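Student: Please read through the structure below; I'll follow up with questions.
Numbering (our numbering), first residue to last: 36 to 376.
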């Protein structure tokens, strides 16, 4: 809501008192007090005036968070909203409920120093990016003059390789899974490199069995990463799996629980982790490791990094190179052999 010039109370026919406000741009807006008694409504009005008539930069982190998340519901997915919420809370736990206009680099360093003792460096950097985005919005609203998170250095992250299943371990895992739905989801993940959400939200409308491809796109209940679309080809094994699924259920979602219910992403991850631990496999393995395994197996078999990047839907090839190029040392041998003296 824009900063109001005039506020007044008005009682509607339902008996509830509302705050009538006229903003700087001349727009009239209504806000319920949720009160049926005028004395209580006046208290809400007084509180409302204190918040909205103070300088915008004097608003606290809590006030900014509430306003930001309220407006964000129509702009972001639930997962992104949750990420903003957790980032706000982590920062506030470190520096207190201070005014957004007073946030400085010392506050941010205090947060980083504390947070690195609680979570992994990658998580800290993700929260820093999230807070930087939020404070950019605060600038756009005119609530602050500059973004204190701009040019803040990220926490150093040790270079590491992605954890993936060896083919023998994957075979052992696959044979141990009792649930038909989980077996199919796990197999499809390893055959396509799709993300968990892309698989459990895949509908038959996105599948073309004749052309042998699936089109990954956002839907009413699911948004792809960064809202991007891509089309990926299906191999023989993936087509056979989909044909089997179609014989079971040929409308709606491709993958469902054995009782016909939609699959929960959390439950798929939880059940898979149970099998990983039961078999004594590397505890770092998880559902997303299936995607890494698909890419790693392809890289080790000599498939170009460019093609793997297209399959995974990476925005840039450099992302793919960072994690999978080390699996192709023999491809470099072909390159150096071209040097002739």
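Using N, Cα and C, we set each Cβ at its ideal position, and we do this for glycine too. As the structure is a prediction and not an experimental result, all values here were calculated from the model.
Out of curiosity, what's the CA-to-CA distance linking residue 37 and residue 234?
Tutor: With a pLDDT of only 47 at residue 37, under the threshold of 50, the placement of this residue in the model should not be trusted, and no figure is reported.
Student: Please confirm whether residue 322 and residue 307 have their CB atoms less than 8 Å apart.
Tutor: Contact: yes.
Student: How big is the Cα-Cα spacing for residue 272 and residue 159?
Tutor: Roughly 40 Å separates the two Cα atoms.
Student: Measure the C-alpha to C-alpha separation of residue 97 and residue 127 and round it to an integer number of angstroms.
Tutor: Their Cα atoms are separated by approximately 8 Å.
Student: Decide if the stretch 212-226 is in contact with the stretch 324-341; the criterion is three or more beta carbon pairs, one per stretch, under 8 Å apart.
Tutor: Enough Cβ pairs lie closer than 8 Å, so yes.
Student: Which residues in the same chain have their Cβ closer than 7 Å to the Cβ of residue 182, if we skip the five residues on either side of it in sequence?
Tutor: Excluding sequence neighbours, residue 182 sits near 167, 170, 171 and 174.
Student: How far does the beta strand (DSSP E) with residue 250 in it reach, from first residue to last?
Tutor: From DSSP, the beta strand (DSSP E) with residue 250 extends over 248-251.
Student: Could you tell me whether the stretch 210-218 touches the stretch 236-249, using the rule of 3 or more Cβ pairs below 8 Å?
Tutor: Contact fails: fewer than three Cβ-Cβ distances are below 8 Å.
Student: For residue 56 and residue 42, which I take to be in contact (beta-carbon distance under 8 Å), what is that distance rounded to the nearest angstrom?
Tutor: So it is a contact: roughly 5 Å between Cβ atoms.
Student: Go ahead and label residue 147 buried or exposed: buried means 16 or more other beta carbons lie within 10 angstroms of its beta carbon, across all protein chains shown.
Tutor: Answer is buried; the Cβ neighbour count reaches 16.
Student: Just tell me which of 141, 162, 140 and 139 has its CA closest to the CA of residue 150.
Tutor: The shortest Cα separation from residue 150 among 141, 162, 140 and 139 belongs to 162.
Student: Can you find a CB in chain C that lies within less than 8 Å of the CB of residue 172?
Tutor: In summary, chain C is missing from the structure at hand, where a single protein chain is found.
Student: Taking residue 143 and residue 103 to be in contact with their CB atoms under 8 Å, please state how far apart those CB atoms are, rounded to whole angstroms.
Tutor: Incorrect: roughly 18 Å between the Cβ atoms, too far for contact.
Student: Taking C-alpha atoms, which residue in 243, 325 and 134 lies nearest to residue 229?
Tutor: The shortest C-alpha separation from residue 229 is found at 325.
Student: Identify whether residue 178 lies in helix, strand or coil by the three-state DSSP scheme.
Tutor: DSSP places residue 178 in coil when its eight states are reduced to three.
Student: In whole angstroms, what is the alpha-carbon distance linking residue 333 and residue 65?
Tutor: Each residue's Cα considered, the two are about 58 Å apart.
Student: Would the stretch 259-267 count as touching the stretch 239-251 if we require 3 or more Cβ pairs under 8 Å?
Tutor: They touch, by the three-pair rule.
Student: With residue 66 as the anchor, note down where its beta strand (DSSP E) starts and where it stops.
Tutor: 63-70 is the extent of the beta strand (DSSP E) around residue 66.
Student: What is the DSSP secondary structure of residue 265, counted as helix, strand or coil?
Tutor: DSSP places residue 265 in strand when its eight states are reduced to three.
Student: Can you give the Cα-Cα distance for residue 152 and residue 124, rounded to whole angstroms?
Tutor: Spanning the two alpha carbons is a distance of roughly 16 Å.
Student: What alpha helix (DSSP H) runs, 4 residues minimum, are completely inside the stretch 294-364?
Tutor: For the stretch 294-364, whole alpha helix (DSSP H) runs of length 4 or above, ordered along the chain, are 300-313, 323-335, 340-347 and 352-359.
Student: Closest by CA to residue 117, which one among 101, 131 and 129?
Tutor: For residue 117, the nearest C-alpha among the options comes from 101.
Student: For a test of the three-state rule: what should DSSP assign to residue 243, helix, strand or coil?
Tutor: Correct three-state label for residue 243: strand.
Student: My output table needs one value for residue 44: the three-state DSSP class, helix, strand or coil.
Tutor: Strand at residue 44.
Student: Closest to residue 288 by C-alpha separation, out of 198, 193 and 220, would be which residue?
Tutor: Of 198, 193 and 220, the residue nearest in Cα terms is 220.
Student: Might you give, ordered along the chain, the residues of its own chain that have their beta carbon closer than 8 Å to the beta carbon of residue 95, omitting 5 neighbours on each side?
Tutor: Closer than 8 Å at the Cβ level, and outside the excluded window around residue 95, lie 132, 133, 134 and 135.
Student: Could you give the distance in angstroms between the alpha-carbon of residue 214 and the alpha-carbon of residue 303?
Tutor: Cα to Cα, residue 214 sits roughly 11 Å from residue 303.
Student: With DSSP as the reference, label residue 111 as helix, strand or coil.
Tutor: Coil.
Student: Measuring only the C-alpha atoms, how far is residue 286 from residue 54?
Tutor: If I take the Cα positions, the gap works out to 49 Å.
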